[in-house]
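Here's the structure we're looking at; comments come further down.
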Amino acid sequence: MIDHPNESGSRARTVSVSINDARTLRAAYMPFLTNMGLFIPTTKEYAMGDEIFLVLKLIDDEQFALAGTVVWVTPADAQSSRTKGVGIQFKGPEGKRLQERVTMVLGDSDTQHGATHTL
77 MIDHPNESGS RARTVSVSIN DARTLRAAYM PFLTNMGLFI PTTKEYAMGD EIFLVLKLID
137 DEQFALAGTV VWVTPADAQS SRTKGVGIQF KGPEGKRLQE RVTMVLGDSD TQHGATHTL
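Per the working numbering, the sequence shown starts with residue 77, numbered consecutively.
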């Protein structure tokens with residue numbers, strides 16, 4: 077794991093994720109957050125407010141490198157057999173660029189249908 081300094085001077089953990097299909101992207105998508113967010117399944121422990129640096133490879137091999145903050149934590153023993161992981165809210169223009177790309181990949185109607193890891 078690589079650490080990157082963030083604005084506060086502490087180190088953000090780097091997480092690399094590949095999302096290879098629209099169904100997985102839809103399940104991870106968190107459109108209700110400003111600049112959107114993604115749910116990332118993980119066995120690692122994170123707390124609300126932790127800084128994350130995400131390297132994301134999307135369906136078409138397009139890559140994004142984004143700073144974000146943990147705003148959602150699903151523990152291992154969550155109800156309804158939910159997947160353990162974290163929701164990351166993105167910051168800055170790269171978050172907006174990812175949001176535009178995800179909306180294009182999923183289409184507006186697709187974001188309303190299907191199971192998600194969060195809501």
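By construction, the Cβ of each residue, glycine as well, lies at the ideal position given by its N, Cα and C atoms.
Because the structure is a prediction, the values reported are computed rather than measured.
Span of the beta strand (DSSP E) around residue i
{"i": "Ala-143", "result": "139-150"}
{"i": "Leu-101", "result": "Per DSSP, Leu-101 belongs to no beta strand (DSSP E); it is in the alpha helix (DSSP H), 98-104."}
{"i": "Glu-127", "result": "127-133"}
{"i": "Leu-114", "result": "113-117"}
{"i": "Ile-164", "result": "161-166"}
Buried versus exposed call for residue i [16 or more other C-beta atoms within 10 Å across all chains shown]
{"i": "Arg-99", "result": "exposed"}
{"i": "Met-124", "result": "exposed"}
{"i": "Gly-113", "result": "buried"}
{"i": "Ile-95", "result": "buried"}
C-beta contact flag for residue i and residue j at 8 Å
{"i": "Arg-116", "j": "Val-93", "result": "In the sequence on display, residue 116 carries Ile and not Arg. Closer than 8 Å, so yes."}
{"i": "Glu-170", "j": "Ala-152", "result": "no"}
{"i": "Arg-89", "j": "Ile-128", "result": "yes"}
{"i": "Gly-161", "j": "Thr-118", "result": "yes"}
{"i": "Gly-138", "j": "Arg-177", "result": "Note on identity: in this sequence residue 138 is Glu, with Gly being the wrong assignment. Closer than 8 Å, so yes."}
{"i": "Thr-145", "j": "Gln-165", "result": "yes"}
{"i": "Val-91", "j": "Ile-135", "result": "no"}
{"i": "Ala-143", "j": "Gly-168", "result": "yes"}
{"i": "Leu-101", "j": "Val-147", "result": "no"}
Chain D contact for residue i (CB, 8 Å cutoff)
{"i": "Phe-108", "result": "Any reference to chain D falls outside this structure, which holds one protein chain only."}
Opposing strand residues paired with residue i [DSSP bridges]
{"i": "Val-93", "result": "Leu-132"}
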